[in-house]
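Notes follow once the structure below has been shown.
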Amino acid sequence: MRATSSVIVGRDAEIRLLDEALESVGKGAGRAVFLVGEAGIGKSRLAGESALRAYDRDMPVLRGRATSTGLVVPFRPLVEALSSRFRAAGAPDDPELQPYRPALAGLVPEWRAGTVAPGYAISLVELAEALLRLLAVLGRERGCVILLEDLHDSDTETIAVVEYVVDNVAELPVLLVGTLRPDPGPALDLALAAELRNTASLRELRPLDEAAVRDMAAACLDVAPGEVPPAAHRHLSQWACGNPYLVEVLLADLLDTGRLSRADDGWQFAEHGEATVPTGAVRSWARRLDRLDEPVRELLLVAATLGGRFSVGALRAVTGLDDRALFAHLRSASEVGIIAPDGAAHDHYTFRHVLTADALRASLPPAEQAALARRAASAIEEAAGELSGDQRQLVATLRLAAGDKVAASRQFAQVGRQMLDAGASGSAAVLLERARGLAADEERDEVTVQLAIAQAESGRLDEAAALLDDLPPAPAGSRAAEERAQAHTQVAWVATMAEQQEEARRRIRAARALLGATPRPEQEAALAVVEGHLALLPEQDGRGEGRCPVDRGGEDGRERLEEEERSARWAALTAEQRGRPVVACQAWQLLAMLSRERGFDEADACLERMLAVAEEHRLAVYRAEALVRLGTNAFMRTGEATRLETARTAAHELGSLALLQSVDGLLAMQSVLGGRWDRARGIVERSVEASARLQNLSTHRYLLLVDATLAAHQGRAREQDRALVRFRRAGGEESMLVPLQRGLCQAVGALMGEDRERAKAELDAALAWEREHPSFFYLSGRYGLGPLLRILDGEDSGREAYREALASPGGQLAWNRMFLGMADAVLRGRDGDPDGARRAVEQAGRAATVFPQAWHLALRLTAEAALADSWGEPAAWLRTAEEYFHEAGVLPVAGACRAVLRQAGVSVPQRRGGRERIPAGLRTAGVTPREYEVFVLLAERPGNQQIAQRLCISPRTVEKHMASLMAKTGSADRSALCALSAECADA
1 MRATSSVIVG RDAEIRLLDE ALESVGKGAG RAVFLVGEAG IGKSRLAGES ALRAYDRDMP
61 VLRGRATSTG LVVPFRPLVE ALSSRFRAAG APDDPELQPY RPALAGLVPE WRAGTVAPGY
121 AISLVELAEA LLRLLAVLGR ERGCVILLED LHDSDTETIA VVEYVVDNVA ELPVLLVGTL
181 RPDPGPALDL ALAAELRNTA SLRELRPLDE AAVRDMAAAC LDVAPGEVPP AAHRHLSQWA
241 CGNPYLVEVL LADLLDTGRL SRADDGWQFA EHGEATVPTG AVRSWARRLD RLDEPVRELL
301 LVAATLGGRF SVGALRAVTG LDDRALFAHL RSASEVGIIA PDGAAHDHYT FRHVLTADAL
361 RASLPPAEQA ALARRAASAI EEAAGELSGD QRQLVATLRL AAGDKVAASR QFAQVGRQML
421 DAGASGSAAV LLERARGLAA DEERDEVTVQ LAIAQAESGR LDEAAALLDD LPPAPAGSRA
481 AEERAQAHTQ VAWVATMAEQ QEEARRRIRA ARALLGATPR PEQEAALAVV EGHLALLPEQ
541 DGRGEGRCPV DRGGEDGRER LEEEERSARW AALTAEQRGR PVVACQAWQL LAMLSRERGF
601 DEADACLERM LAVAEEHRLA VYRAEALVRL GTNAFMRTGE ATRLETARTA AHELGSLALL
661 QSVDGLLAMQ SVLGGRWDRA RGIVERSVEA SARLQNLSTH RYLLLVDATL AAHQGRAREQ
721 DRALVRFRRA GGEESMLVPL QRGLCQAVGA LMGEDRERAK AELDAALAWE REHPSFFYLS
781 GRYGLGPLLR ILDGEDSGRE AYREALASPG GQLAWNRMFL GMADAVLRGR DGDPDGARRA
841 VEQAGRAATV FPQAWHLALR LTAEAALADS WGEPAAWLRT AEEYFHEAGV LPVAGACRAV
901 LRQAGVSVPQ RRGGRERIPA GLRTAGVTPR EYEVFVLLAE RPGNQQIAQR LCISPRTVEK
961 HMASLMAKTG SADRSALCAL SAECADA
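Right, dumping it as structure tokens:
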């Protein structure tokens, strides 16, 4: 008789929690729940119950479990969870998931073919974001549930992904349920931290009390609780200690031995003369094994030696049984409830509970356990030939169980190096740490070097540094010294990319000390590239604030940049000659940045070489990086986005969500400048929060700046201010984006409000920042809009600024050429050359074809100078600009165009349209379009004079509109009317 309970007892509070979570998820509010408890306490039963209740609600359920064998298998619970769903229902083909399929290819077998470029390792955050999007799509209609069991056995990559999902699931229709033991480790740390942050609920499962043990025994025996013999109840309560699994094991033992039997008058418990009973699962399972046939018993002992989950192939290799006998014995073991087929893999079985395998192994004497493990390891090695990663880990575990630490260390180290090469640095670090602890003295240092690299690439720079610093001295120039120097160089690169400058410099000094006075050229090239990238970072002062390492205007600064450029060029050529293509790509990328100051042709030539090297050596990451940078340069030079779209395709094929978001940010800015505001808004809304979750900080800042720039170019001052607040909170004003913030966003926003003085102040601030910091941005106004405004205002510095911009690479960019062309026209007109001025306007217009909003702004700005100096067609330009800005809803500029036309004596028809822009409530109250123009501005609480200036009407007219608005809206005073305007703006 199988002694298993058909119901869950003693867990009413936990079931209520899961029900509440399911109810919440069904309404679109995500939850995460962790169930913590010792082995056998009932975690899996509760997880299964939540699955059944989700099925009742017609929710998709994904269920996976970590391996209990001790093998480090990246993402195994996630792969199993997704397979459990897609094996029956098929993988979803929702278009929303298209950008995320490459990142998910490692978890979804159906998406693996041709999705991820060779050589690219999907980052953990990219994969986690992709999984989050997938779960959101699955739960779109009714919610979905992902159950991840035995997280204490999970790899570090899975834990990182789970943490990301837990932290970001609140707004999505997803319930995550994780089970784990209370053992110290990453899984428990995650659960406790998530509970502390209020991003997850944690429930620790306590042992069942005596009443619950009786109820469970009754459920197993299919009787009422009162019919359980009191002596049997006492026996179970005493020896199971409230553990549901042990209750079932001990109850099965009682049934098998006949001590508990059914009689006519109910169940009877036979008291034996012994003073004791089996003290736990070990003795119970030992007796159950004794009652099995000898071949089945031997097979189960071998299976338990292989772990809680084992493959048929490994079992066949160790036992030597043919398939007929092997599967017959497996069926016998399954029928008595000891093992079961593993639903996640057709050629694997699992023990019904991990404690079962532990108990079976413990039933053997230690010497016999070691001998069996040794025999199993040798059989697997002999049968497999070339071991896979999983097989190497299994052999290592078996060698360790047999007492051969050195052999186990070598196998763990080999798998760790393979995982490091594949990009699974977290799992690599776990395996290399095991190998290091077991290694022979003469092999430990080599393993330590590899472990340091794995720790650095996992983001644990402090641990990597400590490992490298603790290594014993090695003679300069020796093989050991060269290996350590390469590790220091790799850690220095990671530190530089993380902007940890002092750590990067320490690693560089250590590498140079190990290499001696005459490193080989390829070693020097690798160090030179790191040093070059490091030189471009702002130095950190004592408060951690950035300051410029190079005064670009000084002689020393120029010499330093020239020296870095010479070094980078030598490094690029040397790396190519010496077969170091990754270093070559890094060097060409550095050269492309350094050479921009001399022109984009030279920068593009460096990037084209980087692209050629990447394609020749199949370096997918660097190929995509080169395409993105080439696309960026093409966009800046012409305003066209064709090459950026090509780069986006490459990023998608690569599977890099971070790079894809970077390209989307550039495309969004291109859309803002091109007046395609709806497209820009769609990109920002799709990517800005995702980039924050990905911790893609530089792209997140850029997207926030795009959002602010979009509002600025539309004349929406309040939206611009809100977006800039988010930009500042993300550290935007401590980043290299400040010139764009000041010039491209805030200065243009000021012009959209007809506040030219503020625009000039913002441009001056951008210029001051650029003179103190290295900057590779050329759309800040310094090379176009700024000189035009200075020339229009007759400033003495205008001509000098114009000549400086015209001679710079920035002056050749399409956006800037348009403004510089109009500046040229103003100067020519002022100097009495109307024909030259007209030609300059025509030339500027050709450069401005892709920038409609900026072109009409330039027409509006230049028209006044043309009127004053009698050249061009200022009336036609103003009418064109007025029409454009009126349709765009930028009323201050449209009003200014009408005012200038009137001052020039040109008849301007009043625009009485625009009622469709007035909110329904105000329209019903009788607010006119002109009154609404005043009402919109009141959100910023300006004075009447400011309103009059912005709308080009008299202050007296503003007073009349204010009185009318207060009467029509029922506002008690001006303050109330301003508050109403702000409320409408936020709606």
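Residue numbers (the numbering used here): 1 to 987.
Note that beta-carbon positions come from the ideal geometry of N, C-alpha and C, so glycine has one too.
Member of the options whose CA lies at the smallest distance from the CA of residue i
{"i": "Gly-675", "options": "Leu-124, Ala-972, Arg-352 and Gln-853", "result": "Gln-853"}
{"i": "Lys-960", "options": "Arg-941, Thr-699, Phe-935 and Glu-442", "result": "Phe-935"}
{"i": "Asp-1007", "options": "Ala-303, Glu-227, Pro-942 and Ala-730", "result": "With the chain running from 1 to 987 in the structure shown, residue 1007 is simply not present."}
{"i": "Lys-405", "options": "Glu-933, Leu-438, Val-415 and Arg-392", "result": "Leu-438"}
{"i": "Leu-131", "options": "Val-166, Arg-860, Asp-153 and Leu-151", "result": "Val-166"}
{"i": "Gln-391", "options": "Lys-43, Leu-176, Glu-563 and Ala-317", "result": "Ala-317"}
{"i": "Arg-988", "options": "Met-636, Arg-637, Leu-666 and Arg-142", "result": "One cannot answer for residue 988 here, as it falls past the ends of the chain, which runs 1 to 987."}
{"i": "Arg-197", "options": "Tyr-164, Leu-205, Trp-871 and Asn-633", "result": "Tyr-164"}
{"i": "Ala-768", "options": "Gly-48, Gly-786 and Ala-526", "result": "Gly-786"}
{"i": "Leu-820", "options": "Pro-581, Glu-149, Thr-862 and Ala-314", "result": "Thr-862"}
{"i": "Lys-760", "options": "Val-893, Ala-200 and Arg-790", "result": "Arg-790"}
{"i": "Glu-482", "options": "Glu-503, Ala-526, Ala-456 and His-233", "result": "Ala-526"}
{"i": "Ala-881", "options": "Leu-901, Ala-868 and Glu-597", "result": "Leu-901"}
{"i": "Met-593", "options": "Ser-797, Leu-534 and Ile-380", "result": "Leu-534"}
Beta-carbon contacts of residue i that lie in its chain and below 6 Å, excluding the five residues immediately before and after
{"i": "Asp-155", "result": "Val-72, Pro-74 and Ser-427"}
{"i": "Arg-434", "result": "Phe-412"}
{"i": "Arg-817", "result": "Ala-847"}
{"i": "Ala-982", "result": "Ala-939"}
{"i": "Arg-505", "result": "none"}
{"i": "Leu-763", "result": "Gly-743, Ala-747, Gly-781 and Gly-786"}
{"i": "Trp-855", "result": "Ala-848"}
{"i": "Pro-892", "result": "Gly-753, Glu-754 and Arg-950"}
Collapsed DSSP secondary structure at residue i in the structure displayed
{"i": "Ser-427", "result": "helix"}
{"i": "Tyr-365", "result": "At residue 365 the sequence reads Pro, which differs from the Tyr that was named. Coil."}
{"i": "Phe-327", "result": "helix"}
{"i": "Ala-979", "result": "helix"}
{"i": "Ala-340", "result": "strand"}
{"i": "Thr-849", "result": "coil"}
{"i": "Gln-714", "result": "coil"}
{"i": "Cys-144", "result": "strand"}
{"i": "Leu-46", "result": "helix"}
{"i": "Gly-273", "result": "Because the pLDDT of Gly-273 is 43, which lies under 50, any placement of that residue in the model is unreliable, and the question is left without a value."}
{"i": "Val-33", "result": "strand"}
{"i": "Ala-517", "result": "coil"}
Sequence-distant residues of the same chain with beta carbon closer than 8 Å to residue i, five excluded per side
{"i": "His-348", "result": "Arg-309, Phe-310, Ser-311, Val-312, Pro-341 and Asp-342"}
{"i": "Gly-544", "result": "Here the model assigns Gly-544 a pLDDT of 41, short of 50, so the residue's position is not dependable and the matter cannot be decided."}
{"i": "Phe-851", "result": "Gly-639, Leu-673, Gly-674, Gly-675, Ala-814, Trp-815 and Met-818"}
{"i": "Arg-507", "result": "Ala-465, Leu-468, His-488, Thr-489, Val-491, Ala-492 and Ala-495"}
{"i": "Gln-414", "result": "Arg-392"}
{"i": "Val-137", "result": "Pro-92, Asp-94, Glu-96 and Leu-97"}
{"i": "Asn-944", "result": "Pro-955, Val-958, Glu-959 and Met-962"}
Own chain partners of residue i with C-beta closer than 7 Å, once the 5 adjacent residues on each side are dropped
{"i": "Leu-82", "result": "Leu-62, Leu-107 and Val-108"}
{"i": "Glu-770", "result": "Pro-739, Ser-780 and Arg-782"}
{"i": "Gly-832", "result": "none"}
{"i": "Arg-941", "result": "Cys-978"}
{"i": "Gln-268", "result": "Pro-229 and Ser-261"}
{"i": "Ala-224", "result": "Ala-218"}
*For the region 780-823, which segments carrying the alpha helix (DSSP H) assignment without a break, of at least 4 residues, lie completely within its bounds, in sequence order?*
785-792 and 797-807
_Below 8 Å, how does it come out for the region 841-851 and the region 801-809: are there three or more Cβ pairs, yes or no?_
no
_Quick check: the region 32-49 against the region 199-215, are at least 3 beta-carbon pairs closer than 8 Å?_
yes
*Let me know the alpha helix (DSSP H) ranges lying completely inside the region 150-202, each 4 residues or longer, listed in chain order.*
156-168 and 186-196
*Can at least three beta-carbon pairs, one atom from the region 371-383 and one from the region 291-307, be found at a separation below 8 Å?*
yes
*Stretch pair the region 18-26 + the region 44-52: three plus CB contacts closer than 8 Å*: yes
_Contact between the region 23-32 and the region 169-188 is defined here as three or more beta-carbon pairs at a separation below 8 Å; is this criterion met?_
yes
*Tell me the start and end of each unbroken alpha helix (DSSP H) in the region 200-235 that is at least 4 residues and wholly inside, in chain order.*
210-221
*asked:* Three or more C-beta pairs under 8 Å: does that hold for the region 172-192 against the region 134-149?
replied: yes
*Output the residue ranges of the alpha helix (DSSP H) runs that lie fully inside the region 407-481 and measure 4 residues or longer, sorted by chain position.*
425-438, 441-457 and 461-469
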